[in-house]
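In numbering that gives the first Met the number 0, the protein residues as written are 0 to 362.
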Amino acid sequence: MSAKSWPKALEILVHVCLWTLIVCFPLFFWGRDHQISPLDMLRCMAMPVSAAIVFYTNYCAWVKTLLLRKKLGLFLGLNLLLIVLILYGEYLWHEWLIEIQRAAGNAPHKPGGPPSPWLFVLRNSVMLILTCGLSVAIRMTANWYQSEVQRQTLEKEHTEMALKNLKSQLHPHFLFNTLNNIYALVAIDQEKAQTALIDLSKLLRYVLKESERNTVPLSEEILFLERYIRLMSLRTGPNVTLTVDFPDPKTLTAEKDPQIAPLLFINLIENAFKHGIPSSAKTFINIFMKWDAQTGILEFTCSNPICDTAPLSSEDTGIGISNLRQRLEYLYPQRHVFELKNEGAVFMVYLAIRTYAGKQTNR
């Protein structure tokens, strides 16, 4: 994605105003009755040309390649060398024009002859330094504008993605099936139906509340996943062996409880129940999570038999595998491993996340 460029009309207007001022500035020092000769014009154009060299060398090259990359010493050194060379060239240019004027029998316009070398260097070096500063200011303002537009665009896209994830985290079929299962339980086991209804209420509250946050404690995410799995298991029969092994939320103290992005694992678990449970025959679903406080790596594994041979579409998987990959790239760049494997007749999902910045996570 490319940020919206600095407005072209504004850029052109700034440059036109700048160079109009620079070109016309020396004319203010001529008397009203003085006739400007071609030599006078050549002398007056030396400063605008010199300023243009300094300005566009910085504007088009050095600000981007040196200053923005924090090479301040090299940036200042090259500008100092450039200004010295230009001042020397300007001085030789003016001396040559004066010699031509004297050879033609015309005395210099100003009484007393040309300015002293020191005054010439001081005056023109100040102008070139100001030109360099102006070039840096304009280029930095343009870069700030582009960065601000890019930041706002990223925030908008992130917000839209978050809203999309929020709407699709819990598939409507899951809610309908869970409510039907709870309704059936009322006549069989009222206590179990009440527990399921409480789990569903807490699950929905978690989705609506915690999905607005950037991160949540791992212990809260585990409690959410456990409630979700209990509700999903209402659909399973005795032919399904469900194995769940999560870190105990009670053992994750405030010092060890890591912060992670919410709702990363839910659609992976939903897929295991949806595509790993046949209408008959024995099957299994294994869900494991491991947290290593020393390395800061959180590992999640989910496996089930391949009972549904149809490919998983984005609609089938809620936010979809591709959207989950994008979310992981956005939240944990170079800090995660996400793998989908078909190991014989078993489909396995592996996700490892380094919860703090560091080297890339390797399995």
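All C-beta atoms in this analysis are idealised placements derived from N, C-alpha and C, irrespective of residue type, glycine included.
Can you tell me where the beta strand (DSSP E) with residue i in it begins and where it stops?
i           : result
residue 351 : 345-353
residue 339 : 335-342
residue 285 : 282-291
residue 297 : 296-304
Can you list, in chain order, the residues of its chain with a C-beta nearer than 6 Å to that of residue i? Leave out the 5 residues immediately preceding and following it.
i           : result
residue 229 : 198
residue 355 : 295
residue 246 : 290
residue 233 : 180
residue 62  : 135, 138
residue 321 : none
residue 184 : 191, 192
residue 349 : 300, 338
residue 271 : 284, 301, 303
residue 298 : 289, 351
residue 92  : 45
residue 330 : 260
residue 127 : 53, 82
residue 223 : 205
In three-state DSSP terms, what is residue i?
i           : result
residue 276 : coil
Output needed for residue i: all residues of its chain with C-beta closer than 8 Å, excluding positions within five of it in sequence on either side, in chain order.
i           : result
residue 116 : 90
residue 282 : 238, 239, 240, 275, 276, 303, 304, 306
residue 84  : none
residue 78  : 53, 57, 61, 131
What residues in its chain sit with their C-beta under 7 Å from that of residue i, if we drop five residues either side in the sequence?
i           : result
residue 81  : 53, 56
residue 327 : 335, 337
residue 120 : 86
residue 267 : 301, 348
residue 243 : 228, 286
residue 201 : 226
Output yes if chain B places a C-beta closer than 7 Å to the C-beta of residue i; else output no.
i           : result
residue 335 : In the structure shown, chain B does not exist; there is a single protein chain.
Does any heavy atom of the ligand FAD sit closer than 6 Å to the C-beta of residue i?
i          : result
residue 18 : Annotation note on the ligand FAD: not contained in the displayed structure, which lists no ligands.
Subject >> Segments assigned alpha helix (DSSP H), at least 4 residues, entirely inside the region 186-255 >> reply: 189-209, 217-231
Original post:
Does the region 134-141 come close enough to the region 48-61 to have 3 or more Cβ pairs within less than 8 Å?
Top reply: yes
Original post:
Where in the region 35-99 do unbroken runs of the alpha helix (DSSP H), each at least 4 residues long, occur, reported from the N-terminal end onward?
Top reply: 37-56
**OP:** Count the CB pairs spanning the region 206-225 and the region 188-195 that are closer than 8 Å, and state whether there are at least three.
**Re:** no
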